[in-house]
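Novice:
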Amino acid sequence: MKSLIITVTPNISWLNPSIRYPKTPEEFVEEAKKAEKAGASIIHIHAQGMWGKTIRELRKNTNLIIQCGMSSLSIKERMEVFTERADMISVILGHHDEAFVGQDFHVLHPREELLEYAELFRKYGVKPEFEVWHAGHIWNLNFLINKKVLDAPYFTTLFFGWPGGNWSPPTIEEYLYRRRLMPRGSIINVSVMGDEQIKILTAAILLGDHVRVGTEDNPFLKGKVATNEELVAYVADLAKSLGRKIATPSEAAKVIRLHRY
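Here my numbering is used: the first residue of the sequence shown is 93, the next is one more, and so on.
Encoded structure:
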């Protein structure tokens, strides 16, 4: 079984926005260093308005794979991610329909936009992280694969329990169902928002998939607010207890086949 790739998400907790999270490049670096030491190999960041400096500072101060999120934004608002040649960029495979505390997201992402993204992936050498919220998103991923506009492997994150019109039940049954539908060549990562997180992440660890943790997904551990490094360390220790090694950033990059390696 391949080593476990842990993604850390030190961003706003959409359901608990009062919890502290980094808001400057320097604060992201501080969080990243601690998460890397705890076992993370990918950092998923929200750095709109400061993409360039945050990417450069993270690259200078850590070995982490830099994955730029906020897939609800337009391509124009994210072009700096491409021109700075971040390692990865998050792309939802359909429309945003999310219900968070104090804000809703309703953003259209047609297949024409996905094809435009595909051109940018190859032009700038940035690897996509495809967000898979339900089975229809898998249809769109197969659409892109059949168009031969993507390079395997396909790094994907399956989302469970995130509120809104894209909600799916945070259950083992839903995880196994969607997992069976994924196309050949997929690297499967798992994100769970809510108390069911550890149960589903444990299943992912046992089945050879990968996990994502952090304040954005679920900032709680055993009923208490936890730091990002504590969340990473917890799943790293869990994986080791189940006989799964933890991937270094270099090992993860080779599995994902990033252009910088």
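By construction, the Cβ of each residue, glycine as well, lies at the ideal position given by its N, Cα and C atoms.
If you're wondering where the values come from, they're calculated on a predicted model, not measured in any experiment.
Tell me whether residue 193 is buried or exposed, calling it buried when 16 or more other Cβ atoms sit within 10 Å of its Cβ.
Specialist: Stepping through the sequence shown from its first residue, residue 193 is reached at position 101. By the neighbour-count rule (16 or more Cβ atoms within 10 Å), residue 193 is not buried but exposed.
Novice: Could you give the C-beta distance for residue 251 and residue 223, rounded to a whole number, given that I count them as a contact under 8 Å?
Specialist: As a working mapping, residue 251 is identified with position 159 in the sequence shown. As a working mapping, residue 223 is identified with position 131 in the sequence shown. Indeed they touch by this definition, with Cβ atoms about 6 Å apart.
Novice: Can you find at least 3 beta carbon pairs, one from the segment 312-329 and one from the segment 93-101, that sit closer than 8 Å?
Specialist: Yes, they touch.
Novice: Pull up the CB-CB distance for residue 198 and residue 189, whole angstroms please, since I reckon it's below 8 Å.
Specialist: Counted from its first residue, the sequence shown places residue 198 at position 106. Counted from its first residue, the sequence shown places residue 189 at position 97. Indeed they touch by this definition, with Cβ atoms about 6 Å apart.
Novice: Can you check DSSP and say which residues form a bridge with residue 99?
Specialist: Sequence index remark: in the sequence shown, residue 99 carries index 7 (1-based). 134 and 304.
Novice: Go ahead and label residue 300 buried or exposed: buried means 16 or more other beta carbons lie within 10 angstroms of its beta carbon, across all protein chains shown.
Specialist: Stepping through the sequence shown from its first residue, residue 300 is reached at position 208. Under this definition residue 300 is an exposed residue.
Novice: Straight-line CA distance for residue 308 to residue 104?
Specialist: Against the sequence shown, residue 308 aligns to sequence position 216. Against the sequence shown, residue 104 aligns to sequence position 12. Between residue 308 and residue 104, the C-alpha separation is close to 5 Å.
Novice: Quick one: grab the DSSP three-state call for residue 289.
Specialist: Reading the sequence shown from its first residue, position 197 is the one you call residue 289. Here residue 289 sits in helix by DSSP.
Novice: Hey, out of 262, 128, 229 and 108, whose CA is closest to residue 344's CA?
Specialist: On the sequence shown, residue 344 is found 252 positions in, with the first residue counted as 1. For residue 344, the nearest C-alpha among the options comes from 128.
Novice: Tell me which same chain residues have a C-beta within less than 8 Å of the C-beta of residue 64, skipping the five on either side of it?
Specialist: Examination of residue 64 is not possible in this model, given that the chain is present from 93 through 353 alone.
Novice: If contact is defined by three or more beta carbon pairs under 8 Å, each pair taking one atom from either stretch, is the segment 334-343 in contact with the segment 145-164?
Specialist: A contact exists between the segment 145-164 and the segment 334-343.
Novice: Which residue spans inside the segment 105-161 form an unbroken alpha helix (DSSP H) run of at least 4?
Specialist: You should have 117-130 and 143-153.
Novice: Which same chain residues end up closer than 8 Å to residue 353 when comparing Cβ atoms and leaving out the 5 residues on each side of it in sequence?
Specialist: Working through the sequence shown from its first residue, we reach residue 353 at position 261. Any answer about residue 353 is weak, because its pLDDT of 43 lies below 50 and its placement is not dependable; what the coordinates show is given next. Closer than 8 Å at the Cβ level, and outside the excluded window around residue 353, lie 342, 345 and 346.
Novice: How is residue 261 classed by DSSP in three states: helix, strand or coil?
Specialist: Position 169 of the sequence shown, counted from the first residue, corresponds to residue 261. Coil, per DSSP.
Novice: For residue 208 and residue 333, I'd like the C-alpha separation in whole angstroms.
Specialist: Walking along the sequence shown from the start, residue 208 turns up at place 116. Walking along the sequence shown from the start, residue 333 turns up at place 241. The alpha-carbon atoms of residue 208 and residue 333 are separated by roughly 43 Å.
Novice: Between which two residues does the beta strand (DSSP E) holding residue 341 run?
Specialist: Numbered from its first residue, the sequence shown carries residue 341 at position 249. That residue, residue 341, is in no beta strand (DSSP E); its alpha helix (DSSP H) goes 341-348.
Novice: Answer with buried or exposed for residue 169, where buried requires no fewer than 16 other C-beta atoms within 10 angstroms of its C-beta.
Specialist: For the purposes of this step, residue 169 is taken as the residue at position 77 of the sequence shown. Flag for residue 169 reads exposed.
Novice: First and last residue of the alpha helix (DSSP H) that includes residue 188?
Specialist: Your numbering for residue 188 matches position 96 in the sequence shown. Looking at the DSSP string, residue 188 is not in any alpha helix (DSSP H); the run it does join, the beta strand (DSSP E), is 188-192.
Novice: In chain order, which continuous runs of the alpha helix (DSSP H) of length 4 or greater are located wholly inside the segment 178-258?
Specialist: Entirely contained in the segment 178-258, the alpha helix (DSSP H) runs reaching 4 residues are, in chain order, 203-216 and 227-238.
Novice: Using the Cα positions of residue 216 and residue 284, report the straight-line distance between them to the nearest angstrom.
Specialist: The residue labelled residue 216 in the question sits at position 124 within the sequence shown. The residue labelled residue 284 in the question sits at position 192 within the sequence shown. Their backbone Cα atoms lie some 30 Å apart in a straight line.
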